[in-house]
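As structure tokens, the structure follows; a few thoughts come after it.
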Amino acid sequence: MLSQNLTNVEKNIQEACARAGRDRSEVTLIAVSKTKPLSDLKEIYDCGTRHFGENKVQELCEKQPEMPDDVQWHMIGHLQRNKVKYIVDKVALIHSVDSFRLAEEINIQAMKRKITVPILIEVNIAGEDSKFGVRPEDTKELVRQASELPNISVKGLMTIAPYVVDPEQNRDFFRKMRQLSVDIKNENIDNVTMDCLSMGMTGDYTVAIEEGATFVRVGTGIFGERNYRKE
Ligand SMILES: *Cc1c(COP(=O)(O)O)cnc(C)c1O
1432 MLSQNLTNVE
1442 KNIQEACARA
1452 GRDRSEVTLI
1462 AVSKTKPLSD
1472 LKEIYDCGTR
1482 HFGENKVQEL
1492 CEKQPEMPDD
1502 VQWHMIGHLQ
1512 RNKVKYIVDK
1522 VALIHSVDSF
1532 RLAEEINIQA
1542 MKRKITVPIL
1552 IEVNIAGEDS
1562 KFGVRPEDTK
1572 ELVRQASELP
1582 NISVKGLMTI
1592 APYVVDPEQN
1602 RDFFRKMRQL
1612 SVDIKNENID
1622 NVTMDCLSMG
1632 MTGDYTVAIE
1642 EGATFVRVGT
1652 GIFGERNYRK
1662 E
């Protein structure tokens, strides 16, 4: 059941890569497993998935020790500074850094553990009031500031595009994200690579891939609808 969903998503990714003339290896699929039981994660793991995304610190911390060691965990949700210490050494990438104060806290916790933590800067590309993320025009400055922190390394940008019925409605936002990342890359800031672009979810990942996404974050398309009701 889940394996069939995964097969469909994989086929869509391959087709989008082909349309864009991109190699499949340029795009990493993150299975967004928030609210889903471990049995679902294990099922997808057994099909070969190694990248999992969670948006809550507590849930990530509960699932991480129960899954095999070669899973790469992605923190994709809003992150409070007082919770950084719980995940800083458990995640492969933090996608949701949207302030210098948060970057500083990640740096402090990383320093304590003598590690370097890869991060993305979250951009509110559509300027939605309901979304976290820095404004596009403030992104370069935050990248610059974060680049000065020795124990984090800025790998690129992330966005959560608006919820739309027709993914074509987000193409322009994805294009703007890609342009923003190219502009920042061209500044050649020390300690900044800008090779990662995390964008595209179940409703729009194929368009995001056509516009340059290197990480797509797919939840519903793999695991089915989420049920947030607490029994
Ligand atoms: C939940 C979530 C996703 C996955 O959303 P789907 O529409 O279920 O694919 C992707 N990114 C973030 C940041 C999320 O919180």
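Numbered per my numbering, the sequence shown finishes at 1662, counting up by one with no gaps.
We put the CB at the ideal spot given by N, CA and C, even for glycine.
What does the Cβ neighbour count give for residue i, buried or exposed, with the cut at 16 atoms within 10 Å?
{"i": "L1432", "result": "According to the sequence displayed, residue 1432 carries Met and not Leu. Classification for M1432: exposed."}
{"i": "K1467", "result": "buried"}
{"i": "P1496", "result": "exposed"}
{"i": "V1574", "result": "buried"}
{"i": "V1723", "result": "In the structure as shown, the chain starts at 1432 and stops at 1662, and residue 1723 therefore has no counterpart that could be examined."}
{"i": "N1439", "result": "exposed"}
{"i": "L1469", "result": "exposed"}
{"i": "G1650", "result": "buried"}
{"i": "Q1668", "result": "Residue 1668 cannot be examined here, being either before or after the span of the chain that is shown, 1432 to 1662."}
{"i": "Y1636", "result": "buried"}
{"i": "G1652", "result": "buried"}
{"i": "E1662", "result": "Here E1662 scores only 44 on pLDDT, less than 50, and its place in the model should not be relied on; the value that follows carries that caveat. Exposed."}
{"i": "N1601", "result": "buried"}
{"i": "V1596", "result": "exposed"}
{"i": "E1718", "result": "Shown here, the chain extends from 1432 to 1662; a query on residue 1718 therefore has no answer."}
{"i": "A1577", "result": "buried"}
Could you check the C-alpha separation between residue i and residue j for me, to the nearest Å?
{"i": "E1553", "j": "D1569", "result": "11 angstroms"}
{"i": "T1624", "j": "I1546", "result": "18 angstroms"}
{"i": "R1544", "j": "A1447", "result": "40 angstroms"}
{"i": "E1599", "j": "V1548", "result": "34 angstroms"}
{"i": "D1560", "j": "N1538", "result": "28 angstroms"}
{"i": "F1605", "j": "H1482", "result": "22 angstroms"}
{"i": "R1521", "j": "I1461", "result": "The question names Arg, but residue 1521 in the sequence shown is Lys. Between K1521 and I1461, the C-alpha separation is close to 16 angstroms."}
{"i": "V1488", "j": "Q1503", "result": "15 angstroms"}
{"i": "I1583", "j": "G1558", "result": "26 angstroms"}
{"i": "K1540", "j": "G1508", "result": "Contrary to the premise, residue 1540 reads as Gln rather than Lys in this sequence. Looking at the two C-alpha atoms, the distance is approximately 18 angstroms."}
{"i": "L1510", "j": "K1562", "result": "13 angstroms"}
{"i": "A1451", "j": "S1434", "result": "26 angstroms"}
{"i": "R1657", "j": "D1454", "result": "31 angstroms"}
{"i": "N1443", "j": "D1501", "result": "25 angstroms"}
{"i": "V1458", "j": "M1542", "result": "30 angstroms"}
Looking at ligand 1, does it come within less than 8 angstroms of residue i, judged from the CB to the closest heavy atom?
{"i": "T1645", "result": "no"}
{"i": "S1527", "result": "yes"}
{"i": "I1507", "result": "yes"}
{"i": "I1537", "result": "no"}
{"i": "I1475", "result": "no"}
{"i": "V1458", "result": "no"}
{"i": "N1439", "result": "no"}
{"i": "G1564", "result": "no"}
{"i": "K1494", "result": "no"}
{"i": "I1556", "result": "no"}
{"i": "I1552", "result": "no"}
{"i": "T1687", "result": "The chain is shown from 1432 up to 1662; residue 1687 falls before or after that span and cannot be answered."}
{"i": "I1444", "result": "no"}
{"i": "N1486", "result": "yes"}
{"i": "R1648", "result": "yes"}
{"i": "T1651", "result": "yes"}
{"i": "V1463", "result": "yes"}
Looking at residue i and ligand 2, is the gap between the Cβ and the nearest heavy atom below 8 angstroms?
{"i": "M1632", "result": "As far as ligands go, the structure on display features ligand 1 and does not contain ligand 2."}
Is the separation between the beta-carbon of residue i and that of residue j shorter than 9 angstroms?
{"i": "C1627", "j": "L1551", "result": "yes"}
{"i": "H1505", "j": "L1533", "result": "no"}
{"i": "I1620", "j": "V1647", "result": "no"}
{"i": "E1642", "j": "K1571", "result": "no"}
{"i": "M1608", "j": "I1556", "result": "yes"}
{"i": "R1512", "j": "E1536", "result": "yes"}
{"i": "A1644", "j": "G1634", "result": "no"}
{"i": "E1490", "j": "K1465", "result": "yes"}
{"i": "L1437", "j": "C1492", "result": "no"}
{"i": "S1629", "j": "G1587", "result": "yes"}
Notebook entry, point to check: Is there contact here, the segment 1473-1485 with the segment 1610-1617, by at least three beta-carbon pairs under 8 angstroms?
Noted result: no
Notebook entry, point to check: Would the segment 1514-1528 and the segment 1592-1606 be scored as touching if the rule is three or more Cβ pairs under 8 angstroms?
Noted result: In this structure the segment 1514-1528 does not touch the segment 1592-1606; the number of beta carbon pairs closer than 8 angstroms is below three.
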